[in-house]
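**Q** Residue numbers (my numbering): 57 to 227.
Before I ask anything, here is the structure I am working with.
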C-alpha cells in the first residue's frame with residue numbers, strides 16, 4: 057500500500073508571487089506562534105491562580121484576563137497590558153507570576169500531562185479563540201474570599217464563583 061502525501065495547505069493571496077507567498081506563510085506562522093504563546097501563558101496563569109477551583113473557577117479567571125484585554129483595546133491601551141501575555145505577566149496582577157511566589161517556579165516547569173494543566177490548556181484555547189462565555193459579567197478584578205484587598209473597596213462586586221469574588225470598575 058503506497059502512502060498518499062497530503063498537500064500542505066497555506067493561505068495565499070490571489071495572484072501570489074513567490075515573495076508574497078513567503079510573506080503570507082511567515083505572517084501565518086507568526087500569528088500561529090503568537091496564538092500558541094497566548095494559550096500557553098494563559099493556561100499557566102489559570103493553573104497558577106485557580107487550579108483548585110475546577111473548570112468553572114479557571115474559566116472565570118480567564119474571563120477577567122480577556123475582559124482586561126478588551127478594555128485595553130477599547131481605551132486604546134491600559135496600564136495592565138494590551139494583550140493576553142502582557143495582562144497575565146504584568147507585575148503584581150496575577151501573583152503566580154511574581155518572582156517571590158512559590159507557584160512561579162512550579163508553573164514554569166509544569167508537567168504537560170498534569171490533569172489541572174490539561175484542563176487549563178483546554179480553557180485557554182477556547183478563550184484565545186473567542187469561544188469562552190463571560191460568566192463574570194465583565195469583571196476585571198478578583199480575589200480569594202479569604203482576603204479583602206484595599207483596592208476592592210473602590211470596585212463593584214458582581215459575582216462570586218467558587219472561592220473568588222469578582223469585581224469591575226464603577227461606571
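Note that the Cβ used here is the ideal one computed from N, Cα and C, for glycine as well.
Tell me the rounded alpha-carbon separation between residue 182 and residue 191.
**A** Here the question's residue 182 lines up with position 126 in the chain shown. Here the question's residue 191 lines up with position 135 in the chain shown. Rounded to the nearest angstrom, the two C-alpha atoms are 14 angstroms apart.
**Q** According to the Cβ coordinates, are residue 113 and residue 152 closer than 8 angstroms?
**A** Working through the chain shown from its first residue, we reach residue 113 at position 57. Working through the chain shown from its first residue, we reach residue 152 at position 96. No, the Cβ-Cβ distance between residue 113 and residue 152 is not below 8 angstroms.
**Q** Sort 216, 130 and 224 by Cα distance to residue 207 and report the nearest one.
**A** For this step, residue 207 is matched to residue 151 along the chain shown. Residue 207 has its Cα closest to that of 224, out of 216, 130 and 224.
**Q** Quick one: what's residue 217 bridged to in DSSP?
**A** By 1-based counting over the chain shown, the position of residue 217 is 161. Paired residues: 220.
**Q** Helix, strand or coil: how does DSSP classify residue 134 here?
**A** The sequence position of residue 134 within the chain shown is 78, counting from 1. Correct three-state label for residue 134: coil.
**Q** From which residue to which residue does the alpha helix (DSSP H) around residue 172 run?
**A** Residue numbering aside, residue 172 sits at position 116 when the chain shown is read from its first letter. Unbroken alpha helix (DSSP H) run through residue 172: 171-184.
**Q** Measuring only the C-alpha atoms, how far is residue 155 from residue 146?
**A** Reading the chain shown from its first residue, position 99 is the one you call residue 155. Reading the chain shown from its first residue, position 90 is the one you call residue 146. So the two alpha carbons sit approximately 12 angstroms from each other.
**Q** Using the C-alpha atoms, what's the distance from residue 85 back to residue 197?
**A** Within the chain shown, numbered from 1, the residue matching residue 197 stands at position 141. Within the chain shown, numbered from 1, the residue matching residue 85 stands at position 29. Near 33 angstroms, if we compare the C-alpha coordinates of residue 85 and residue 197.
**Q** Using the Cβ count rule (16 or more neighbours within 10 Å means buried), how would you classify residue 130?
**A** Taking the chain shown and counting its residues from 1, the one referred to as residue 130 is at position 74. Counting Cβ neighbours within 10 Å, residue 130 comes out exposed, since fewer than 16 surround it.
**Q** Look up residue 154 in the DSSP assignment and say whether it is helix, strand or coil.
**A** Residue numbering aside, residue 154 sits at position 98 when the chain shown is read from its first letter. If DSSP states are grouped into helix, strand and coil, residue 154 belongs with coil.
**Q** Looking at the unbroken alpha helix (DSSP H) that takes in residue 145, where does it start and where does it end?
**A** Working through the chain shown from its first residue, we reach residue 145 at position 89. It spans 140-145 - the alpha helix (DSSP H) in which residue 145 sits, taken as one unbroken run.
**Q** With a threshold of 16 other CB atoms inside 10 Å of the CB of residue 100, please say whether the residue is buried or exposed.
**A** Position 44 of the chain shown, counting from 1, holds the residue named residue 100. Answer is buried; the Cβ neighbour count reaches 16.
**Q** To the nearest angstrom, how far is the alpha carbon of residue 127 from that of residue 194?
**A** For the purposes of this step, residue 127 is identified with residue 71 of the chain shown, where counting begins at 1. For the purposes of this step, residue 194 is identified with residue 138 of the chain shown, where counting begins at 1. In a straight line, the C-alpha of residue 127 is about 10 angstroms away from that of residue 194.
**Q** Spatial neighbours of residue 226 within its chain, please: CB distance less than 8 angstroms, with the 5 preceding and 5 following residues excluded, ordered by chain position.
**A** Taking the chain shown and counting its residues from 1, one reaches residue 226 at position 170. For residue 226, where only same-chain residues beyond five positions count, the Cβ hits under 8 angstroms are 210, 211 and 212.
**Q** Three-state secondary structure (DSSP) at residue 203?
**A** Here residue 203 corresponds to residue number 147 of the chain shown, with the count starting at 1. In the structure shown, residue 203 sits in coil (DSSP, three-state: anything other than H, G, I, E or B).
**Q** What would DSSP say about residue 166, mapped onto helix, strand or coil?
**A** Taking the chain shown and counting its residues from 1, one reaches residue 166 at position 110. In this structure, residue 166 counts as coil in the three-state DSSP scheme.
**Q** Is residue 140 closer than 8 angstroms to residue 98 when the C-beta atoms are compared?
**A** In the chain shown, the residue the question calls residue 98 occupies position 42. In the chain shown, the residue the question calls residue 140 occupies position 84. Yes, the Cβ-Cβ distance between residue 98 and residue 140 is below 8 angstroms.
**Q** Drop a sphere of 10 angstroms on the beta-carbon of residue 216, count the other beta-carbons inside from all chains shown, and report buried for 16 or more, exposed for fewer.
**A** As a position in the chain shown, residue 216 is number 160, starting the count at 1. With fewer than 16 other Cβ atoms within 10 Å, it is exposed.
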